[in-house]
Amino acid sequence: ERYEVEVRIAQPDGEVRWLRMLGHLDRDQHGRVVQIQGVLRDVTEHSLAMLRLRQADERHAFLLEVADALRELRDPVEIGRTFVSLLGRQLQADKAYYTRVDEAGGWLVVESAYSAGRSRFSPGARTEIHWPTLQLMQDGAIVAIDDVTTDERLDAGSRAWILGIGARSLLVAPQIHDGR
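Position in the sequence shown (from 1) plus 239 gives the number in my numbering.
#1: Just the C-alpha distance for Tyr353 and Pro251, rounded to the nearest angstrom, thanks.
#2: Excluding the 5 residues flanking Val278 on each side, which residues of the same chain have their C-beta closer than 7 Å to its C-beta?
#3: Note down the Cα distance separating Ala343 from Val282, rounded to an integer number of angstroms.
#4: Leaving aside the five residues before and after Gly319 along the sequence, list all residues of the same chain whose C-beta is less than 8 Å from its C-beta, in chain order.
#5: Within a Cβ cutoff of 7 Å, which residues of the same chain sit near Gln276, ignoring the five residues on either side of it in sequence?
#6: Is Arg310 helix, strand or coil by DSSP?
#7: Taking Ile381 as the reference, give the member of Leu393, Gly396, Leu410 with the closest Cα.
#8: First and last residue of the beta strand (DSSP E) that includes Glu243?
#9: So, using beta-carbon positions, are Leu325 and Val348 closer together than 8 Å?
#10: Taking 8 Å as the threshold (C-beta atoms), are Phe301 and Gln268 in contact?
#11: Work out the CA separation of Asp386 and Arg407 for me, nearest whole Å.
#12: Which two residues bound the contiguous alpha helix (DSSP H) that contains Gly319?
#13: Please state the DSSP three-state secondary structure of Leu393.
#14: Give the DSSP-derived three-state secondary structure of Thr283 in the structure shown.
#15: Following the continuous beta strand (DSSP E) through Thr338, name the residue where it begins and the one where it ends.
#16: Between Arg313, Tyr242, Glu284, which lies nearest to Glu254 when the distance is taken from Cα to Cα?
Quick look at the structure:
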């Protein structure tokens, strides 16, 4: 009986490798394996290349979906709502928001919201924003926080504010408006 198996293993140092095993099993009259013949091959580079290709295909398909969905839209609110919904589904996020910062009042204003379940905020909702968190958002760089409880960029107040809005991780992509 022929077999082909590909497995992913984690080395003691944390490095991940992919191995492909090819071979033949010999069984006795009771169906028990009595002999295994085969080869083991490290296919890490091939597996990583295939993974990158799949990811590129997924990104391309997502961008085409976004372009198709937004092509006919003219209303900025509807564009935001549609994009947030598509992005939330693509990222398999529980919640996704398109927000703007009302700097005068120190508020984060929700323009559009997507939720796979119940959303804490609906469009038009306001939440007071903690100043260091606002600074992260205003720095103009994409901010990705995998785990709010352990990220060293956050002070205790920012951590509490983010957890308080029901988020455990955070992705902030700034929008440039009026040159800022």
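Note that beta-carbon positions come from the ideal geometry of N, C-alpha and C, so glycine has one too.
Let's see:
#1: 40 Å
#2: Leu261, Gly262
#3: 56 Å
#4: Tyr337, Glu350, Ser351
#5: Gly262, His263
#6: coil
#7: Leu410
#8: 241 to 249
#9: no
#10: no
#11: 6 Å
#12: 315 to 329
#13: coil
#14: helix
#15: 334 to 341
#16: Glu284
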